[in-house]
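Take a look at the structure below.
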Amino acid sequence: MATEEKVLAFWQDMYRRWQNGVVVREYISGLEAMAGIRYLVVYWDLGDQPVKGMIFESDIAGGGSPRRFIGRSIPVVIKHINRSANEVYLSHRAALEQMAEQTWSKLEPGQVQPGSIEKILPGKCVLVNIGGVTAVMPLDEVRWGWAGDIKSYLVEGQDLEVLVKEVDRENRRVVVSRKALLPDPWLTVDSKYHAGGQYAGEVTNITQTAVYVSLEPGVDAVCRIDRPAGIRPGGRVVVLALNINHAKRLIIGRLLDGQQDWLT
Numbered sequence: 001m002a003t004e005e006k007v008l009a010f011w012q013d014m015y016r017r018w019q020n021g022v023v024v025r026e027y028i029s030g031l032e033a034m035a036g037i038r039y040l041v042v043y044w045d046l047g048d049q050p051v052k053g054m055i056f057e058s059d060i061a062g063g064g065s066p067r068r069f070i071g072r073s074i075p076v077v078i079k080h081i082n083r084s085a086n087e088v089y090l091s092h093r094a095a096l097e098q099m100a101e102q103t104w105s106k107l108e109p110g111q112v113q114p115g116s117i118e119k120i121l122p123g124k125c126v127l128v129n130i131g132g133v134t135a136v137m138p139l140d141e142v143r144w145g146w147a148g149d150i151k152s153y154l155v156e157g158q159d160l161e162v163l164v165k166e167v168d169r170e171n172r173r174v175v176v177s178r179k180a181l182l183p184d185p186w187l188t189v190d191s192k193y194h195a196g197g198q199y200a201g202e203v204t205n206i207t208q209t210a211v212y213v214s215l216e217p218g219v220d221a222v223c224r225i226d227r228p229a230g231i232r233p234g235g236r237v238v239v240l241a242l243n244i245n246h247a248k249r250l251i252i253g254r255l256l257d258g259q260q261d262w263l264t
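Heads up, the sequence shown is in UniProt numbering, so the first residue is 1 and it goes up one at a time.
Structure below.
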């Protein structure tokens with residue numbers, strides 16, 4: 001059971017946050033509906049006097065289903081307090097707008113910024129929220145080499161650090177890179193791969209004349225082939241390395257002949 005002092009201190013802090021527009025990250029415990037209107041739920045445990053925070057859909061930024069925020073901590077500001085009902089009305093959208101103004105005033109190329117993945121657009125880009133600003137991460141800035149199925153190694157809501165590459169204040173556009181903060185695998189290629197060596201990899205792309213194989217993230221081999229029958233993306237194969245081309249950042253090779261040489 002919460003003491004009167006604890007309850008009083010809690011409400012004093014809530015009113016301070018409301019009056020000063022303080023942005024605080026709160027944990028989203030669930031999603032509920034009232035009269036057909038959905039809202040995210042935050043609970044503060046005060047013993048026999050639990051306080052309920054509500055973020056209605058109109059106050060949730062980013063579009064999409066609000067369900068994606070369950071189990072995450074997100075920035076919010078207080079819109080209104082109904083103390084008699086032990087309810088606090090919150091806004092995620094207003095918090096991001098407030099944060100964005102501060103971020104824009106300080107954002108510069110070359111900075112490393114903490115952020116979270118807002119949305120993954122397969123085949124297009126990844127949207128990253130950095131301090132309330134939605135930044136674009138092009139596919140070739142996600143990781144070294146073939147981006148592949150991004151959703152297999154990144155998830156919406158995931159926290160990460162990115163390098164700010166471009167800041168266009170006039171058009172409100174920011175470009176960021178995750179790849180720039182990852183070690184370049186080509187710095188150690190010569191110690192791992194050699195012409196004449198045979199290496200296992202995963203097929204990432206197939207064209208009419210070539211098969212692309214990922215030997216490791218950021219290190220790809222291209223193998224010319226006339227009839228890629230029986231080969232599929234995601235399949236495991238063995239590549240005979242013929243040449244290490246640093247200029248093109250590719251290993252030129254060929255698939256070993258015969259199904260008996262392929263990995264299953």
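Don't be surprised by glycine CBs; every beta carbon is placed ideally from N, CA and C.
Enclosing beta strand (DSSP E) for residue i [first to last residue]
i, result
"T188", "From DSSP, T188 is part of no beta strand (DSSP E); its letter is neither H nor E."
"K119", "V112 to L121"
"L40", "I37 to W44"
"residue 281", "The first residue shown for the chain is 1 and the last is 264, placing residue 281 beyond what the model contains."
"S65", "Careful: S65 lies outside any beta strand (DSSP E) and carries neither H nor E."
Short Cβ contact (8 Å threshold) for residue i with residue j
i, j, result
"V213", "E202", "yes"
"G21", "Q98", "yes"
"W18", "I74", "no"
"G145", "V219", "yes"
"R232", "R178", "no"
"P109", "N86", "no"
"R169", "W104", "yes"
"V126", "L154", "yes"
"V239", "G253", "yes"
"Y193", "I225", "no"
"M54", "Y43", "no"
"T204", "G157", "no"
"D59", "S116", "no"
Identified DSSP bridge partners for residue i
i, result
"Y27", "S73"
"E87", "K52 and N82"
"I206", "V211"
"D155", "The amino acid at residue 155 is misidentified as Asp; the sequence shows Val. The partner list for V155 (beta bridge, DSSP) is empty, contrary to what the question assumes."
"A33", "R38"
"S177", "L163"
"L127", "K119 and V136"
"E216", "V219"
Nearest-angstrom Cα separation, counted from residue j out to residue i
i, j, result
"N171", "V222", "39 Å"
"G196", "G132", "51 Å"
"N82", "E26", "18 Å"
"F69", "D184", "33 Å"
"D13", "A100", "24 Å"
"R236", "L90", "50 Å"
"L182", "I37", "43 Å"
"V41", "S191", "53 Å"
"L107", "V164", "8 Å"
"L46", "V7", "7 Å"
"M137", "R93", "22 Å"
"L31", "Y199", "49 Å"
"K119", "T3", "43 Å"
"L187", "K248", "14 Å"
"H246", "G234", "25 Å"
Cβ neighbour criterion (16 or more within 10 Å) applied to residue i
i, result
"P114", "exposed"
"N129", "buried"
"L96", "buried"
"A135", "buried"
"E161", "exposed"
"E5", "exposed"
"L263", "For L263, the pLDDT reaches just 46, beneath the cut-off of 50, and the residue's location in the model is therefore unreliable, although a value from the coordinates is still provided. Classification for L263: exposed."
"M34", "exposed"
"A9", "exposed"
"L121", "exposed"
"E141", "buried"
Element boundaries [alpha helix (DSSP H), containing residue i]
i, result
"T103", "H92 to K106"
"K6", "E4 to N20"
Proximity test, Cβ basis, 8 Å: residue i and chain C
i, result
"A35", "Given the protein chain composition of this structure (a single chain), no chain C is represented."
Residue i: CB within 7 Å of a non-hydrogen atom of the ligand NAD
i, result
"Y89", "Inclusion of the ligand NAD in the displayed structure is not the case, the ligand content being empty and no account of it being possible."
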